[in-house]
Amino acid sequence: MKQKKSSVLDKIRSDLLVAPHVVDNLFHLFKGEWQPDSVQQEKLVMHLTECSHCRTLLITLLVEIQKYEKPSSNDNKFLDDLLAQFVSIHQEIESLALEQMAAYAEAIIGKGERKANEQFPRLAAHIRTCPDCKATLKETLTFLRESQET
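In my numbering, the protein residues as written are 780 to 929.
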C-alpha cells in the first residue's frame, strides 16, 4: 500500500493533504491505521458532503485500491458496489450544490449579501473558507449581473 499511496499522493495538490481536508485521514483509514471515533466519523462525513475535492479523491482512491484486488475476490465486488454508491452520491451532491450556489447568487443580487448570508448560512460560511467555491460564486454573480444588463 505504501507504493500505491506514493503514486496516488504524487497526483494530489499539496493543499488537499492538510486540514480542513481529510485525504490523509482517508489513507490511514484504508490502511487500517486509523479508527475514527463517532465524533471523528461525523466530522469526516460532514467534510465529505461539503468538499468536492475530497469526494473526488475518495473515489480515485477506491479506483486505485480496486486495481490491486483480484477480479474474482469478494473484496472487489464490495469495492465495485461501494465505488458505484460513492459516484452516485457525489453526482447528486454536486447537482444540489450547483443549484444552491445559483440560488445563493440570486439572493445576493436580489436581497443583498447580508440577507443572502442569513438565508444560506452554511454555504456562506463554506464560501469564506473555500477558494474554489468563492471563485465559482464570483463567476456566477458576474454571469447573472451581465445577464441582467442585456
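Ideal Cβ positions, reconstructed from N, Cα and C, are used throughout, including at glycine.
Computed from a predicted structure; not experimentally measured.
Whole angstroms is fine: what's the gap from residue i's alpha carbon to residue j's?
i, j, result
"Glu885", "Gln879", "10 Å"
"Glu918", "Gln898", "20 Å"
"Arg792", "Pro910", "14 Å"
"Ser874", "Cys830", "13 Å"
"Leu796", "Asp803", "6 Å"
"Leu858", "His869", "16 Å"
"Lys894", "Ala876", "19 Å"
"Ile844", "Cys912", "29 Å"
"His826", "Glu925", "33 Å"
"Leu840", "Asp789", "12 Å"
"Ile872", "Leu916", "17 Å"
"Met780", "Ile887", "At Met780 the pLDDT is 49, less than 50, meaning the model places this residue with poor confidence and gives no usable figure here."
"Val866", "Gly811", "23 Å"
"Val842", "Ser817", "26 Å"
Is any non-hydrogen atom of the ligand HEM found closer than 8 Å to the C-beta of residue i, if you look at the structure I gave you?
i, result
"Ala798", "As for the ligand HEM, it is missing from this structure, which has no ligand bound."
Answer with buried or exposed for residue i, where buried requires no fewer than 16 other C-beta atoms within 10 angstroms of its C-beta.
i, result
"Phe922", "exposed"
"Val824", "exposed"
Review point. What are the complete alpha helix (DSSP H) segments, minimum 4 residues, inside the segment 849–907?
Key: 853–890, 892–898
Point to revise | Ranges of the alpha helix (DSSP H) found wholly within the segment 810–843, counting only runs of at least 4 | key: 817–829
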